[in-house]
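Participant: Take the sequence shown: its position 278, counted from the start at 1, is 307 in the working numbering, and no numbers get skipped. The following block contains the structure, expressed as structure tokens.
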Amino acid sequence: MENEVLEKAFQDKIDSGIVIEPKDWMPDRYRKQLIRMMSQHAHSEVVGMLPEGNWITRAPSLMRKLILLAKVQDEAGHGLYIYSGTETLGVMRKDLVADLHSGKAKYSSIFNYPTLTWADMGSIGWLVDGAAIVNQTMLAKCSYGPYSRAMIRICKEENFHNKQGYEILATLMKGTPEQRAMAQESINRFWWPALMMFGPSDKDSPNSGELIRWKVKKQSNDELRQRFIDRSVEQATAIGLTLPDPDLKYNEVTGHYDFGPINWEEFYNVIKGNGPCNKQRLKARRDADSNGKWVRDAAEAYASKHN
Ligand code: FAQ
């Protein structure tokens, strides 16, 4: 009975737009849902460093290399803010990381695709950071204080990432026929996986009901996906890129772009661990963890001597 009263008071707070802070009472499910979602988000930022990290040594100029290096470092920072935000819910970062390494925790499907050409740095910045911004601008207004505040700062940095990606593609599209073909080929590979970043269709999204009721999510997976498509079409057209969907068409009745069917079989296959790079990504994270153990041991030994 007492729990019911607390839950009602909690829902009233949410409904009237009051932000929940770490020491406030919250239902166990709210805490669990946030830990699941925020930790998967933090893992995505960290695993997301790998596809772009692959091109740091092969960037086509010193300027491109510096920008890419700064972007990849920003993603590490985003991971750390979100891990810190998750720790306010009573979990330890090392346990969350252990869940990633054991394969128990998920991270965004998009980072299981390979980066085969320099144009992929453009596609990631434009499409992947672009999709992340659409999702995270909503999360910046979510009901949990530490998460929403982390999102505000992260979105500012993602905007720079998004613009640098678009600029890479715009530059390639003004280049030689080979450069234009490279940009187009990259978009052909990244478009559909970028749409999958928003998660399954609303009717197949088991977590959305609770998350929307608690204002963690303020819009559904399909609504955000549609917003991303609408804004991408015109940006693509402006620099001469074609999005690889023959069904993409402006619908005068809805005021949105209609689009073709998403290959959900591919999506579920990737999130089950069978995407093109899942094994490679997890191995890279596990190796980084074991190779960095001596640093953590040294830091702990130093701290215990100087406390
Ligand atoms: N990949 O019931 P729903 C970035 C899972 S950050 C993998 O709809 P929910 C920055 C989902 O976890 C990108 N798994 O789930 C960057 C659930 O499984 P579970 C990451 C996915 O939570 C840029 C199941 O499917 N952003 O890119 C995916 O309501 C460039 C059922 O799905 C965030 O994490 C997916 N795409 O909605 C870094 C934002 N979609 O856990 C480097 C925060 C769904 O029950 C370079 N997260 N699943 O076993 C969210 O907004 C939500 O969690 C969604 C999924 C929208 C991702």
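Glycine residues also receive a C-beta, built at the ideal position from the N, C-alpha and C atoms.
CA-CA distance, Val245 and Thr205?
Facilitator: Each residue's alpha carbon lies about 46 Å from the other.
Participant: For Gly269, which residues from the same chain have a beta carbon less than 7 Å from its beta carbon, with the 5 sequence-adjacent residues on both sides left out?
Facilitator: Met202
Participant: Is it the case that the Cβ atoms of Leu79 and Phe140 are separated by a distance below 8 Å?
Facilitator: Yes, they are a contact pair.
Participant: Given 8 Å as the limit, is there contact between the region 129 to 143 and the region 68 to 76, that is, 3 or more CB pairs closer than that?
Facilitator: yes
Participant: Compute the Euclidean distance between the alpha carbons of Glu104 and Asp124, then round it to the nearest angstrom.
Facilitator: 20 Å
Participant: Give the list of continuous alpha helix (DSSP H) stretches no shorter than 4 residues that lie fully inside the region 214 to 272.
Facilitator: 237 to 242 and 250 to 268
Participant: Using C-beta distances below 6 Å, list every residue in its chain close to Pro175, excluding the 5 sequence neighbours before and after it, in chain order.
Facilitator: Gly114 and Thr117
Participant: For Trp147, is the classification buried or exposed, using 16 other Cβ atoms within 10 angstroms of its Cβ as the cut-off for buried?
Facilitator: By the Cβ-count criterion, Trp147 is buried, with 16 or more other Cβ atoms from all chains shown falling within 10 Å of its own Cβ.
Participant: Following a CB-centred definition, is Leu118 positioned closer than 7 Å to any heavy atom of ligand 1?
Facilitator: No, the Cβ of Leu118 stays beyond 7 Å of every heavy atom of ligand 1.
Participant: Relative to the C-alpha of Ala275, which residue among Asp326, Phe227, Asn217 and Gln264 is closest?
Facilitator: Checking the sequence shown, residue 275 turns out to be Pro, not Ala. Closest by alpha carbon: Asn217.
Participant: Nearest to Ser131 by CA position, among Arg315, Ala332 and Ala327, is which residue?
Facilitator: Of the candidates Arg315, Ala332 and Ala327, Arg315 places its Cα closest to the Cα of Ser131.
Participant: Who are Asn280's beta bridge partners in DSSP?
Facilitator: His285
Participant: Mind checking Lys334: buried by the 16 CB within 10 Å criterion, or exposed?
Facilitator: exposed
Participant: Does DSSP put Ile183 in a helix, in a strand, or in coil?
Facilitator: helix
Participant: Can you give me the start and stop residues for the alpha helix (DSSP H) that Trp155 sits inside?
Facilitator: Run containing Trp155: none; DSSP gives neither H nor E here.
Participant: Mind checking which residues open and close the alpha helix (DSSP H) that includes Asn32?
Facilitator: Glu31 to Asp44
Participant: When you compare each of Gly151, Arg242 and Ile183 to Arg58 by their alpha carbons, which one comes out closest?
Facilitator: Arg242
Participant: In terms of residues, what are the limits of the alpha helix (DSSP H) holding Asp128?
Facilitator: The continuous alpha helix (DSSP H) containing Asp128 extends over residues Arg122 to Ser131.
Participant: Report yes or no: do three or more beta-carbon pairs, one from the region 176 to 186 and one from the region 214 to 229, lie closer than 8 Å?
Facilitator: no
Participant: Might you give, ordered along the chain, the residues of its own chain that have their beta carbon closer than 6 Å to the beta carbon of His190, omitting 5 neighbours on each side?
Facilitator: So the qualifying residues of the chain are Lys100, Gly154 and Asp158.
Participant: If you compare alpha carbons, which of Asp44, Gly46, Ser45 and Phe39 is closest to Lys52?
Facilitator: Phe39
Participant: If the criterion is Cβ atoms closer than 8 Å, does the pair Gly108 and Val75 meet it?
Facilitator: yes
Participant: Going by beta carbon distance, what residues of the same chain come within less than 7 Å of Gln248, once the five residues before and after it are set aside?
Facilitator: Met167
Participant: Sort out for me which residues DSSP pairs Tyr173 with in a bridge.
Facilitator: Ile49
Participant: Suppose you measure from the CA of Met55 to the CA of Asn250; what does that come to, to the nearest Å?
Facilitator: 24 Å
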